[in-house]
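Keeping their order, the protein sequence lines are chains A and B.
The first sequence lines up with residues 1 to 117 when you count with our numbering.
The second sequence lines up with residues 118 to 388 when you count with our numbering.
Ideal Cβ placement from N, Cα and C applies to all residues, glycine included.
What follows is one structure encoded as structure tokens, with my remarks underneath.
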Amino acid sequence: QARRGQKPRRKNPRTNCRRHALYVDFSDVGWNEWIVAPPGYHAFYCHGECPFPLSDHLNSTNHAIVQTLVNSVNSNIPRACCVPTELSPISLLYLDEHEKVILKNYQDMVVEGCGCR
Amino acid sequence: GAVGLIPDIDRRKYSDSGRQTAERSDMNFLNAFEQRLLSMFGLKRRPTPSASAVVPQYMLDLYHMHSENDDLNIRRPRSTMGKHVERAASRANTIRGFHHEEAFEALSSLKGKTTQQFFFNLTSVPVEELITAAELRIFRDQVLSEAGTGGFHRINIYEVFRPAPATSKEPLTRLLDTRLVQDSHTRWESFDVGSAVGRWARESHHNHGILVEVLHPKESGASEEAQRKHVRVSRSLHSDEDSWAQARPLLVTYSHDGQGSAVLHANREKR
């Protein structure tokens with residue numbers, strides 16, 4: 001029950017680095033003619049901000065050490081990137097251009113985890 | 118390159134916010150994604166299989182049996198893999214199925230014996246792939262005989278070293294595998310042809326095919342013609358064409374291209 005009068009909490013427009021769901025349905029792109037199984041591919045991907053190494057909220061304290069740290073960050077150094085940190089394989093059953101049937105295991109196809117690196 | 122097949126530039130366009138309206142960026146995105154997928158498969162262009170392309174049930178069973186993509190709760194028929202390939206198959210990251218070239222068949226039905234030559238075209242196997250095992254799967258159809266008890270057939274599998282110089286002569290062959298089977302059963306038989314197939318993939322000029330010899334039982338209630346139907350080695354031995362596509366002999370190779378983990382333990386590889 002939302003309390004009367006309280007402004008709804010503003011959703012943080014910038015989401016931190018995390019894994020986002022993304023499913024490619026092979027029939028949507030016409031690949032189900034040659035990819036027999038699976039019917040689609042849970043691709044996932046990593047996206048989001050990397051406030052690493054110092055989060056902005058740290059700047060809200062006037063403690064000398066914190067202020068020194070926050071103000072000594074060299075803004076020319078590029079920020080960390082939001083990249084996959086854990087991966088897993090998938091098996092695909094498909095027909096090649098000679099109409100031969102192949103069952104193959106592909107490494108590092110599913111993003112299991114993301115992180116700032 | 119395989120990580121996340123979705124090209125960076127367009128990922129967020131295809132997530133929660135739904136599809137972009139600009140047709141052009143859709144096509145660019147899909148083309149980029151397709152090129153990545155094809156290059157990962159080692160394919161130069163998108164395959165366009167004909168309607169007559171057949172996916173053997175055994176390959177589907179292997180996929181469902183071991184793939185983590187599949188809902189393991191669904192009970193499916195389980196093909197029986199040949200014991201001799203299990204170990205090598207557990208290390209393979211590529212499994213290929215081949216049907217023989219019917220144009221090169223050489224069926225001969227002598228008294229008490231049926232022989233058939235099979236040629237499998239392995240040129241689609243990339244040179245960097247090492248074949249560690251191969252099985253020739255042959256289907257047997259139950260023979261009903263008045264006596265009720267099934268007769269015993271001997272199935273011999275030979276590698277053809279040198280084709281017969283003339284039709285009256287015998288080819289030069291080497292025995293690869295043999296089995297005594299009772300014709301009152303219907304099932305797939307798996308024969309170990311790994312030593313020959315591994316060499317053919319490396320040196321295709323050695324590939325003169327496989328000769329299958331079926332010796333039929335002398336004393337049996339079934340007619341000679343019925344006996345010939347037991348081991349499915351030729352389309353012409355059977356009236357119903359429909360079953361041939363799924364009952365024809367299948368060569369299955371187990372190989373590794375040096376990348377990634379085995380197919381048959383994908384779920385165990387998950388990190």
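What residue range is occupied by the uninterrupted beta strand (DSSP E) comprising residue i?
i	result
H20 (chain A)	R18 to H20
R213 (chain B)	T211 to F215
D56 (chain A)	First-last for D56 (chain A): undefined, no H or E at that position.
A250 (chain B)	L247 to R257
S372 (chain B)	L367 to H373
V350 (chain B)	Unbroken run through V350 (chain B): none, as it is neither H nor E.
E363 (chain B)	The identity of residue 363 (chain B) in the sequence shown is Gln, whereas the question assumes Glu. No beta strand (DSSP E) holds Q363 (chain B); the alpha helix (DSSP H) holding it covers W361 to A364.
C46 (chain A)	Y45 to H47
L224 (chain B)	Element bounds for L224 (chain B): n/a, residue is neither H nor E.
Could you tell me which residues DSSP pairs with residue i in its beta bridges?
i	result
I274 (chain B)	B:D294 and B:V329
E88 (chain A)	Inspection of the sequence shows that residue 88 (chain A) is occupied by Ser rather than by Glu. Answer by DSSP bridge pairing, in chain order: A:V110.
D25 (chain A)	A:G40
W31 (chain A)	BP columns for W31 (chain A) are empty, so no partner.
F235 (chain B)	B:I327
S307 (chain B)	B:R254
V101 (chain A)	A:L95 and B:G214
Q152 (chain B)	None, per the DSSP bridge assignment.
Q299 (chain B)	B:F269
L289 (chain B)	B:R279
G115 (chain A)	A:V83
Taking 8 Å as the CB-CB limit, is residue i close to chain A?
i	result
R204 (chain B)	no
F237 (chain B)	no
S132 (chain B)	Residue placement at S132 (chain B) is flagged as unreliable, the pLDDT there being 49, under the threshold of 50; a coordinate-derived value is accordingly withheld.
I191 (chain B)	Bear in mind that a pLDDT of 45 at I191 (chain B), under 50, signals an unreliable position, so the number given afterwards is only what the model happens to contain. No, no contact with chain A.
Q174 (chain B)	no
T231 (chain B)	no
H183 (chain B)	yes
A170 (chain B)	yes
Given that a residue counts as buried once 16 or more other Cβ atoms are within 10 Å of its Cβ, and exposed if not, what is residue i?
i	result
Y23 (chain A)	exposed
C81 (chain A)	exposed
L292 (chain B)	exposed
K200 (chain B)	exposed
V73 (chain A)	exposed
E320 (chain B)	exposed
F44 (chain A)	buried
H57 (chain A)	exposed
R296 (chain B)	exposed
T240 (chain B)	exposed
D357 (chain B)	exposed
H181 (chain B)	buried
H325 (chain B)	buried
E306 (chain B)	buried
L261 (chain B)	exposed
P334 (chain B)	buried
R162 (chain B)	exposed
A379 (chain B)	buried
L54 (chain A)	exposed
I'd like to know if residue i contacts chain B, where contact means its C-beta is closer than 8 Å to some C-beta of that chain.
i	result
P89 (chain A)	yes
H63 (chain A)	no
D25 (chain A)	no
N32 (chain A)	no
N105 (chain A)	yes
A80 (chain A)	no
D96 (chain A)	yes
E49 (chain A)	no
V73 (chain A)	no
Output the boundary residues of the alpha helix (DSSP H) element that contains residue i.
i	result
I77 (chain A)	It is not in any alpha helix (DSSP H) - I77 (chain A) carries neither H nor E in the DSSP assignment.
D178 (chain B)	Q174 to H183
S312 (chain B)	G311 to R319
L69 (chain A)	A64 to N71
K200 (chain B)	K200 to R208
By how many angstroms is the C-alpha of residue j removed from the C-alpha of residue i?
i	j	result
V29 (chain A)	D108 (chain A)	22 Å
H323 (chain B)	F236 (chain B)	12 Å
P280 (chain B)	L224 (chain B)	14 Å
I90 (chain A)	D96 (chain A)	18 Å
F158 (chain B)	P38 (chain A)	15 Å
R103 (chain A)	Q234 (chain B)	Before going further, note that residue 103 (chain A) is Leu rather than Arg in the sequence given. Answer to the nearest angstrom: the Cα atoms are 26 Å apart.
E222 (chain B)	E203 (chain B)	29 Å
H217 (chain B)	H98 (chain A)	13 Å
R18 (chain A)	L87 (chain A)	14 Å
I65 (chain A)	N71 (chain A)	10 Å
L154 (chain B)	E33 (chain A)	15 Å
S60 (chain A)	T68 (chain A)	13 Å
P194 (chain B)	I212 (chain B)	Below a pLDDT of 50, predicted positions are generally treated as unreliable, and P194 (chain B), at 49, falls in that range; no measurement from the model is reported.
P78 (chain A)	R117 (chain A)	11 Å
S226 (chain B)	W31 (chain A)	44 Å
E246 (chain B)	D374 (chain B)	4 Å
M64 (chain B)	T197 (chain B)	In the structure displayed, chain B extends from 118 to 388; residue 64 (chain B) sits before or after that span and is not available.
Q299 (chain B)	A343 (chain B)	14 Å
Taking residue i as the query, report the chain C residues whose CB atoms sit under 9 Å from its CB, ordered along the chain.
i	result
Y180 (chain B)	Going by chain labels, chain C is absent from the structure shown, which instead holds the protein chains A and B.
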